Amino acid sequence: MNKGKLILSLFVVLVVAASCQKEPDMDKLSSNFMVYTEYDKNADFSSFATFYLPDTIKVLGSKVTNWVGTAFSQDDGDPNAEKIITATAVNLEARGYTRIEDPEQRTTADIGIQLSYVEDTYYVTYYNTPYYWYDWWWGYNWGPAWGYVYPTYSMTYSYQVGSLLGEMIYIDKAASKLYPMWSFYVVGSMSGSTYTDITRAVNGVNQAFMQSPYVKR
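Per the UniProt record's numbering: the sequence shown = residues 1 to 217.
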């Protein structure tokens, strides 16, 4: 896979208007967010056919935990998590990719997608380490990205609590390595799991794909 420079695009979804209030209206403030996207401009996104997206959103807090969706979990799955996961899958399928849903077949996929929710900024410094993906990809390690070694671009941000992260990786099966190709960052889109928060997160996912036309089969 070729390594290239990163292109950072910033989409301002809603500009916060100045307020004369001494204290901000948190309901209004939380409805404003930005979507960042980054990608390897030399990656050939059209060369990949299948993707694996687990029914789990990683929760980055004092430790990494899982926010499980409902597709594979009838007992403790959360339909709110499933809405965000589904929005991501639908966008990828609309771009021509085929989803592999069986976790046992995940390493047969060409690309992998990981979604994460930032619960605590303390743990974010560990977000892009190989250990973050270890149980997910059965010990695959990060490969050098864009001409230099780990840490990669995702370490350049100080992620806000309540943000939604997404990353696409190329799975080099022969070398058992992972190469990040594309990522999105929905800034502070969720302050909880209310309908408004989930809708905002889904809108952020949709916007990330809108401003990333190169992600297509």
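Every residue gets a Cβ at the ideal spot worked out from N, C-alpha and C, and that includes glycine. Since we're looking at a predicted model, the values are computed, not measured.
Query	Result
Exposure label - Asn80; buried when at least 16 CB within 10 Å	buried
Where the beta strand (DSSP E) containing Pro213 begins and where it ends	Taken as a continuous stretch (DSSP letters only), Pro213 belongs to no beta strand (DSSP E), as it is neither H nor E.
Neighbourhood of Thr37 by C-beta, 6 Å cutoff - its chain only, sequence neighbours within 5 removed	Ser9, Phe184, Ala208, Gln211, Ser212
Assigned exposure category for Asp102 - 16 Cβ within 10 Å defines buried	exposed
DSSP-derived helix/strand/coil call for Ser163	coil
DSSP state of Val205 mapped onto helix, strand, coil	helix
CB of Ile113 within 7 Å of CB of Leu164, strictly	no
Between the CA atoms of Phe51 and Gly61 - distance to the nearest angstrom	27 Å
Nonlocal neighbours in the same chain, by C-beta distance under 7 Å from Arg95, ignoring five residues either side	Val215, Lys216, Arg217
Beta-carbon contacts of Thr65 that lie in its chain and below 7 Å, excluding the five residues immediately before and after	Val59
DSSP bridge partner residues for Pro180 (one or two, in chain order)	Ile169
Glu104, buried or exposed, once every other Cβ within 10 Å from all chains shown has been counted against 16	exposed
Pair within 7 Å by beta-carbon distance, Leu115 and Ile169	no
Phe48 (DSSP reduced to helix, strand or coil)	coil
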